[in-house]
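In our numbering, the protein residues as written are 775 to 1270.
Even for Gly, the Cβ is constructed at its ideal location relative to N, Cα and C.
These notes are about the structure you will find just below.
Here it is as structure tokens:
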């Protein structure tokens, strides 16, 4: 849980404030989703998409890396996010939010931090960018894969054996792998070889969702993708046992009183059938805990190391889908099960997304990178994004008009850092307890209100409440191009 650093820069101190060693109170967390340590602007507030700021937009794409190189000589930062900061009075401030980790902040004096932010603002002014504040925020980056939840509500389909090991092409399904069975993420969108000669269908996941391990190849033992994750069965089995015990007790009670059985034979028979179904479901659940192959939906075919370029972060693995699991009823390509009566679907619909009557939204095409680079000329309503995450379900957010600059240090001292770009998506609501993404959503497909794929979710920065204050997405067009360059040429899967 990040701590609060709401300190006025007018009072220069030589040491970190006492609050550095204190936990944030509940009231502080609710009042401020983003507190800043050193700043040329507001010290408290929550972050939202940058909106239309033509002055900063004309500077940012061409000069963001130049600014990053300049700024890293002053402070060891993780990324720079162009954002709107809404202060506690509801006033908006355009700002470059410079994110640093806890380790960096612990060795950073307030004087040095303030000096860096003043220098950052001077750099902007030298490039004729006015009216933009510079802020340092402590953030905890979450790569969005997660260990299993400790508490999950009982599955409504617990008594239905057919629903225990489902396969569906609907995007947003939680998965795990044989390499790290306790690390959960989300299955991404489907692709095919560009020449379609191999007749195979592939899907994407985040590379970090595989956990540790080297680059993949045909000479290595393939990593299997499992659906549902282990937690589905680990947590479902006790629920089944409890329900089975309750129903068996009820049946035994009825059978001990013949008069009751005779007066309602249909109910007694139905109860016996229900118990039989629960027993079968329990057997399947137990078997699936022990037999991973019954949950296998594909294998990893290409898992390059995570890498960074001046384009975008490349954090992806390609998996071959098990075609034996397909049939006309469960495979419909890249679709999203929007579901019924959820607020996210209503908001997306209000902003132009055409949702079919069956609530299964087909996705076609990708958002071009050239369009992403020109988002500064689009209204906020044009930048609405949807996603179905393995943990969060269907959510809605707003993309920021400007890209995030991510800085990654090399492992070899003395070599320059890597810089890469990522799209930023903020939550739709101002309520920090309703984020766009949570741990476990890694790899989820983000789409726009035209039904096009923006890309896959790679992570987010946490605020005090532990949810993502802002989420990061790698564009699909870049992923398809880079996979083609590094592995083989691929296209987005489209239904014929």
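Option in the options with minimal Cα separation from residue i
{"i": "residue 913", "options": "1076, 892, 879", "result": "879"}
{"i": "residue 1216", "options": "1173, 1079, 978, 1157", "result": "978"}
{"i": "residue 1104", "options": "973, 944, 948", "result": "944"}
{"i": "residue 1075", "options": "871, 837, 1262", "result": "1262"}
{"i": "residue 980", "options": "1151, 906, 1138, 1250", "result": "1250"}
{"i": "residue 1227", "options": "1244, 949, 962, 815", "result": "962"}
{"i": "residue 1047", "options": "1069, 1214, 1024", "result": "1024"}
{"i": "residue 890", "options": "909, 1082, 956", "result": "909"}
{"i": "residue 851", "options": "1264, 871, 953", "result": "871"}
{"i": "residue 1137", "options": "1256, 856, 835, 1221", "result": "1221"}
{"i": "residue 1140", "options": "1229, 824, 1068", "result": "1229"}
{"i": "residue 847", "options": "869, 1211, 946, 886", "result": "886"}
{"i": "residue 1224", "options": "947, 867, 1157, 829", "result": "1157"}
{"i": "residue 849", "options": "946, 873, 1135, 1030", "result": "873"}
{"i": "residue 1081", "options": "1110, 1177, 1045, 1182", "result": "1182"}
{"i": "residue 965", "options": "1111, 1219, 829", "result": "1219"}
{"i": "residue 812", "options": "893, 830, 1212", "result": "893"}
{"i": "residue 1178", "options": "1101, 1235, 1214, 888", "result": "1235"}
{"i": "residue 1200", "options": "967, 830, 1243", "result": "1243"}
Rounded straight-line distance, which links the Cα of residue j to that of residue i
{"i": "residue 1041", "j": "residue 1094", "result": "47 Å"}
{"i": "residue 842", "j": "residue 1114", "result": "44 Å"}
{"i": "residue 1050", "j": "residue 1021", "result": "10 Å"}
{"i": "residue 1072", "j": "residue 863", "result": "51 Å"}
{"i": "residue 814", "j": "residue 884", "result": "13 Å"}
{"i": "residue 854", "j": "residue 1164", "result": "28 Å"}
{"i": "residue 906", "j": "residue 1192", "result": "25 Å"}
{"i": "residue 1146", "j": "residue 1258", "result": "21 Å"}
{"i": "residue 1001", "j": "residue 942", "result": "10 Å"}
{"i": "residue 1265", "j": "residue 1155", "result": "29 Å"}
{"i": "residue 1208", "j": "residue 900", "result": "39 Å"}
{"i": "residue 950", "j": "residue 960", "result": "8 Å"}
{"i": "residue 986", "j": "residue 954", "result": "8 Å"}
{"i": "residue 956", "j": "residue 895", "result": "44 Å"}
{"i": "residue 974", "j": "residue 810", "result": "49 Å"}
{"i": "residue 1245", "j": "residue 1175", "result": "14 Å"}
{"i": "residue 869", "j": "residue 856", "result": "6 Å"}
{"i": "residue 1255", "j": "residue 1143", "result": "11 Å"}
{"i": "residue 833", "j": "residue 902", "result": "9 Å"}
{"i": "residue 1098", "j": "residue 1106", "result": "15 Å"}
{"i": "residue 971", "j": "residue 1198", "result": "36 Å"}
{"i": "residue 775", "j": "residue 958", "result": "Because residue 775 sits at a pLDDT of 27, beneath the cut-off of 50, its placement in the model cannot be relied upon, and the following sentence gives the value as read from the coordinates. Going by the C-alpha atoms only, they are around 21 Å apart."}
{"i": "residue 837", "j": "residue 1084", "result": "12 Å"}
{"i": "residue 1268", "j": "residue 827", "result": "37 Å"}
{"i": "residue 948", "j": "residue 1168", "result": "13 Å"}
{"i": "residue 946", "j": "residue 1116", "result": "16 Å"}
{"i": "residue 1210", "j": "residue 1172", "result": "9 Å"}
{"i": "residue 996", "j": "residue 1162", "result": "27 Å"}
Close-in-space but distant-in-sequence residues of the same chain around residue i (CB under 6 Å, 5 per side omitted)
{"i": "residue 1170", "result": "1118, 1121, 1122, 1160, 1202"}
{"i": "residue 1253", "result": "1090"}
{"i": "residue 998", "result": "952, 1070, 1073"}
{"i": "residue 898", "result": "906"}
Cβ-based neighbour list, residue i, same chain, cut-off 7 Å, excluding 5 preceding and 5 following
{"i": "residue 1087", "result": "1180, 1194, 1196, 1232, 1248"}
{"i": "residue 825", "result": "858, 1154, 1175"}
{"i": "residue 816", "result": "859, 861, 867"}
Spatial neighbours of residue i in its chain, beta-carbon cut-off 8 Å, leaving aside the 5 residues before and after
{"i": "residue 1190", "result": "843, 1184"}
{"i": "residue 1134", "result": "944, 1106, 1109, 1110, 1111, 1112"}
heavy atom of the ligand GTP below 8 Å from residue i C-beta
{"i": "residue 1072", "result": "With respect to small molecules bound, the structure shown includes none, and the ligand GTP cannot be examined in it."}
Stretch pair the stretch 873–888 + the stretch 829–844: three plus CB contacts closer than 8 Å: no
Sequence ranges, alpha helix (DSSP H) only - wholly within the stretch 1109–1144, length at least 4: 1117–1124
Minimum length 3: unbroken beta strand (DSSP E) runs contained in the stretch 1164–1248: 1167–1173, 1178–1182, 1192–1201, 1219–1222, 1227–1236
Touching by the beta-carbon criterion (3+ pairs, under 8 Å), the stretch 813–828 and the stretch 849–862: yes
Sufficient close CB pairs (3 or more, under 8 Å) joining the stretch 1141–1152 to the stretch 1125–1133: no
In chain order, each alpha helix (DSSP H) run of at least 4 residues that lies wholly inside the stretch 875–916: 876–880, 884–900
Alpha helix (DSSP H) runs contained entirely in the stretch 812–883, provided each spans 4 or more residues: 828–846, 876–880
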